Amino acid sequence: MALSAQGRPVAEFKGISPAQFFYKNKQLAGFQNRVRALYQTIRELVENALDATDTHMILPTIKVDITPDGEDGVFRITVEDNGIGIPPEHIPNAFGRVLYSSKYVLRQTRGTFGLGVKMAVLYAQSETGSPVEVYSTPIGRKRVFHYKIKIDIEKNVPIILEEGSYPSGDARWHGTRVSIRLTGDWGRAKNKIYEYFKRTAIIVPYSEIVFSDPEGNIFYFERATTKLPRPPRVTKPHPHGADIELINDMIKNTKARTIKDFLIKEFQSIGEVTARKILELAGIKPSTPPKSLKTHQIERLVRAFRSFKGIRPPRGDHLSPIGEDIIKIGLKAILKPEYVDAVTRRPAVHEGHAFIVEAGIAYGGAIKSSDTPLLLRYANKIPLLYDETADVSYKVLWKISTSKDRLDWSQYEVSFPAPIAVLVHICSTKIPYKGVGKESIADVPEIEREIEAALRHLLRGLKRYLLKKKKEMEESSRAVAIAKYIPDIAQSLAYITKKGDPDEIAKKLLEMLNQRLRNVKIRSIDEVVVKIE
Ligand code: ADP
Ligand code: MG
Numbered sequence: 086m087a088l089s090a091q092g093r094p095v096a097e098f099k100g101i102s103p104a105q106f107f108y109k110n111k112q113l114a115g116f117q118n119r120v121r122a123l124y125q126t127i128r129e130l131v132e133n134a135l136d137a138t139d140t141h142m143i144l145p146t147i148k149v150d151i152t153p154d155g156e157d158g159v160f161r162i163t164v165e166d167n168g169i170g171i172p173p174e175h176i177p178n179a180f181g182r183v184l185y186s187s188k189y190v191l192r193q194t195r196g197t198f199g200l201g202v203k204m205a206v207l208y209a210q211s212e213t214g215s216p217v218e219v220y221s222t223p224i225g226r227k228r229v230f231h232y233k234i235k236i237d238i239e240k241n242v243p244i245i246l247e248e249g250s251y252p253s254g255d256a257r258w259h260g261t262r263v264s265i266r267l268t269g270d271w272g273r274a275k276n277k278i279y280e281y282f283k284r285t286a287i288i289v290p291y292s293e294i295v296f297s298d299p300e301g302n303i304f305y306f307e308r309a310t311t312k313l314p315r316p317p318r319v320t321k322p323h324p325h326g327a328d329i330e331l332i333n334d335m336i337k338n339t340k341a342r343t344i345k346d347f348l349i350k351e352f353q354s355i356g357e358v359t360a361r362k363i364l365e366l367a368g369i370k371p372s373t374p375p376k377s378l379k380t381h382q383i384e385r386l387v388r389a390f391r392s393f394k395g396i397r398p399p400r401g402d403h404l405s406p407i408g409e410d411i412i413k414i415g416l417k418a419i420l421k422p423e424y425v426d427a428v429t430r431r432p433a434v435h436e437g438h439a440f441i442v443e444a445g446i447a448y449g450g451a452i453k454s455s456d457t458p459l460l461l462r463y464a465n466k467i468p469l470l471y472d473e474t475a476d477v478s479y480k481v482l483w484k485i486s487t488s489k490d491r492l493d494w495s496q497y498e499v500s501f502p503a504p505i506a507v508l509v510h511i512c513s514t515k516i517p518y519k520g521v522g523k524e525s526i527a528d529v530p531e532i533e534r535e536i537e538a539a540l541r542h543l544l545r546g547l548k549r550y551l552l553k554k555k556k557e558m559e560e561s562s563r564a565v566a567i568a569k570y571i572p573d574i575a576q577s578l579a580y581i582t583k584k585g586d587p588d589e590i591a592k593k594l595l596e597m598l599n600q601r602l603r604n605v606k607i608r609s610i611d612e613v614v615v616k617i618e
């Protein structure tokens with residue numbers, strides 16, 4: 086302990102940089118051990134690759150490679166994409182400065198914190214001493230820009246070890262390749278990593294993904310559709326989500342001359358009439374120049390925003406749901422079920438932020454029967470793999486609550502063990518994650534309600550399908566029972582009518598039976614015919 090000149094104990098003060106903070110608190114971002122670090126690095130790199138493609142209407146082609154490198158437990162992870170690339174002047178900060186991002190705007194992306202790839206760089210640097218290697222060609226450029234970067238942890242600035250550029254072989258190529266050398270526990274991480282790729286392939290079936298693992302296996306996820314989800318648009322803030330700091334910041338940057346114009350121009354969902362009413366409620370003259378507002382006036386404005394009931398809820402156009410078709414394609418391509426359905430709900434709101442819930446259901450086929458449904462959770466197109474039981478979707482699925490309207494599976498003709506998978510996707514610019522590790526979503530009542538409505542809708546559809554299937558099975562077993570007697574009946578008919586050949590009659594009877602069955606689309610009719618022959 087430090088002592089003052091007089092011998093009294095004194096506290097020592099100092100500030101630390103964001104890089105130091107996250108370096109010391111790796112667990113906050115999912116880098117607590119060698120298992121999680123390997124998984125999390127893949128996740129951060131793949132998610133950046135996807136953000137650089139589908140958000141910009143590019144069909145993603147992503148190559149991921151994990152190779153043992155040198156000593157035991159050391160791996161080189163390389164991820165390459167065909168995305169928009171990174172302008173060379175931003176590369177050092179994008180990879181070497183914690184909290185530096187191109188995604189601090191109001192639209193849905195996978196990354197939001199400007200942290201992900203830097204965590205991987207920090208981790209790699211502290212474990213192996215190796216820098217991150219980046220190769221990138223921004224759209225429209227004809228050169229490949231390459232860098233080797235480490236992070237100066239104390240100052241939170243990039244250290245550039247190497248930089249350069251060379252002409253790219255293919256003038257039309259654009260994209261990025263990032264390579265990191267780190268320690269990891271492949272043996273214990275591999276199942277989660279395989280699962281991560283499988284679940285990613287389900288939610289982005291418009292992507293082509295190649296993954297080579299350190300054991301020499303290559304996994305190829307084919308592009309199952311060329312349909313891309315609607316890209317998210319950048320939007321203006323909604324008044325319900327605004328606070329004093331946000332408004333101060335917006336006032337600094339606005340060109341509006343009056344506070345009324347400021348409200349109309351800079352916020353969504355405010356028109357002439359609403360603006361006047363809000364200002365009246367806040368006791369501010371509409372002609373007041375925004376830059377002259379005092380803090381207490383802004384405070385009143387925020388209060389007026391929250392109490393005024395007439396503001397239209399936020400629109401969802403800054404969000405990018407996957408859409409019912411793409412969800413069905415993804416589930417079909419990867420799980421190969423016999424039945425699949427999906428629903429995209431309309432935008433809803435929690436705490437002034439719009440969100441959209443989508444859900445999918447897959448049944449039978451190659452899905453294995455199990456005592457619980459396979460739950461596939463996603464937030465902003467990212468699969469969530471850890472902390473399942475803490476998640477709002479899990480809660481809805483099982484409704485552990487004692488409420489009388491709890492989800493009763495048998496009501497939907499499902500009895501476990503059953504071959505069933507349920508997908509839940511939540512998109513929002515403000516996902517209420519339970520931790521910074523972004524693995525589970527809090528049970529916000531509005532979100533819970535939307536998930537439940539989506540699931541009940543899908544389960545009603547599944548019930549109709551299962552009832553129809555049951556009826557068809559009954560029909561078909563009845564047909565089998567009847568078919569058994571056809572040869573005898575044909576014999577008797579030929580004998581009684583003294584006309585025709587018994588074989589001919591049997592064939593005709595079978596045709597009639599087939600005709601009836603065709604209407605109920607029995608696939609097992611072949612079996613029926615085989616049995617008679
Ligand atoms: P975030 O994804 O939250 O923005 P990251 O630290 O993961 O934070 O990435 C920082 C920035 O680097 C991104 O905002 C993006 O602009 C850029 N970037 C990283 N990887 C890629 C990539 N593969 N293609 C294009 N840009 C990328
Ligand atoms: Mg990221």
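Remember, the working numbering sits 85 above the position in the sequence shown when you count from 1.
For each residue, glycine too, the CB sits at the ideal point set by N, CA and C.
In this text the structure is predicted, and so the values were computed from the model without any measurement.
Straight-line Cα distance separating residue j from residue i
i: Tyr-471; j: Val-477; result: 13 angstroms
i: Arg-228; j: Ile-303; result: 30 angstroms
i: Leu-460; j: Thr-268; result: 31 angstroms
i: Ser-250; j: Ile-532; result: 48 angstroms
i: Phe-296; j: Val-217; result: 20 angstroms
i: Phe-352; j: Thr-146; result: 37 angstroms
i: Thr-197; j: Tyr-185; result: 10 angstroms
i: Ile-383; j: Gln-193; result: 28 angstroms
i: Gly-170; j: Trp-483; result: 43 angstroms
i: Ser-377; j: Glu-212; result: 53 angstroms
i: Tyr-518; j: His-231; result: 35 angstroms
i: Ile-446; j: Arg-226; result: 43 angstroms
i: His-47; j: Tyr-424; result: In the structure as shown, the chain starts at 86 and stops at 618, and residue 47 therefore has no counterpart that could be examined.
i: Val-358; j: Val-149; result: 54 angstroms
i: Pro-422; j: Lys-345; result: 55 angstroms
i: Arg-308; j: Ile-411; result: 12 angstroms
i: Thr-380; j: Arg-182; result: 33 angstroms
i: Pro-399; j: Leu-130; result: 31 angstroms
i: Trp-258; j: Gly-168; result: 9 angstroms
i: Ile-176; j: Leu-246; result: 13 angstroms
i: Lys-275; j: Phe-393; result: 52 angstroms
i: Leu-113; j: Glu-524; result: 11 angstroms
i: Lys-203; j: Phe-180; result: 6 angstroms
i: Val-242; j: Pro-504; result: 51 angstroms
i: Gly-415; j: Ala-451; result: 14 angstroms
i: Pro-153; j: Ala-134; result: 22 angstroms
i: Leu-200; j: Leu-348; result: 32 angstroms
i: Leu-313; j: Gly-272; result: 35 angstroms
Residue-level contact to chain C via CB, residue i, 8 angstroms cutoff
i: Arg-93; result: No chain C is present in this structure, which holds just one protein chain.
Whole-angstrom C-beta distance between residue j and residue i, which should lie under 8 angstroms
i: Gly-368; j: Arg-391; result: Not really, about 15 angstroms apart at Cβ, beyond 8 angstroms.
i: Ile-574; j: Leu-595; result: No, Ile-574 and Leu-595 are not in contact; Cβ-Cβ is about 11 angstroms, not under 8 angstroms.
i: Ile-467; j: Val-387; result: About 32 angstroms separates the two Cβ atoms, so there is no contact after all.
i: Ile-151; j: Pro-299; result: 5 angstroms
i: Ile-288; j: Tyr-463; result: 5 angstroms
i: Glu-443; j: Arg-430; result: 7 angstroms
Three-state secondary structure assigned by DSSP to residue i
i: Ser-250; result: strand
i: Lys-233; result: strand
i: Glu-293; result: strand
i: Asn-599; result: helix
i: Leu-378; result: coil
i: Pro-482; result: The question names Pro, but residue 482 in the sequence shown is Leu. Of the three classes helix, strand and coil, the one that applies to Leu-482 here is helix, per DSSP.
i: Glu-436; result: coil
i: Lys-240; result: coil
i: Ser-488; result: Its pLDDT being 48, under 50, Ser-488 is placed unreliably by the model, and the measurement read from it follows with that caveat. If DSSP states are grouped into helix, strand and coil, Ser-488 belongs with coil.
Beta strand (DSSP E) segment containing residue i, residue limits
i: Tyr-220; result: 217-222
i: Arg-462; result: 459-464
i: Pro-94; result: Run containing Pro-94: none; DSSP gives neither H nor E here.
i: Lys-111; result: Per DSSP, Lys-111 belongs to no beta strand (DSSP E) and is neither H nor E.
i: Pro-468; result: 467-469
i: Phe-160; result: 159-166
i: Gly-449; result: From DSSP, Gly-449 is part of no beta strand (DSSP E); its letter is neither H nor E.
Boundaries (first-last residue) of the alpha helix (DSSP H) holding residue i
i: Gly-546; result: 530-582
i: Thr-213; result: 201-213
i: Gly-277; result: The amino acid occupying residue 277 in the given sequence is Lys; Gly does not appear at that position. Run containing Lys-277: 271-288, per the alpha helix (DSSP H) assignment.
i: Asp-136; result: 119-136
i: Asp-410; result: 409-420
i: Val-183; result: No alpha helix (DSSP H) contains Val-183, which DSSP labels as neither H nor E.
Heavy atom of the ligand NAD within 7 angstroms of residue i beta-carbon
i: Leu-348; result: This structure lacks the ligand NAD; its bound ligands are the ligand ADP and the ligand MG.
Sequence ranges, beta strand (DSSP E) only - wholly within the region 315-364, length at least 3:
Within the region 315-364, no complete beta strand (DSSP E) run reaches 3 residues.
Complete runs of the beta strand (DSSP E) confined to the region 490-527 [at least 3 residues]:
Counting whole runs of 3 or more residues, the region 490-527 contains the beta strand (DSSP E) stretches 505-513.
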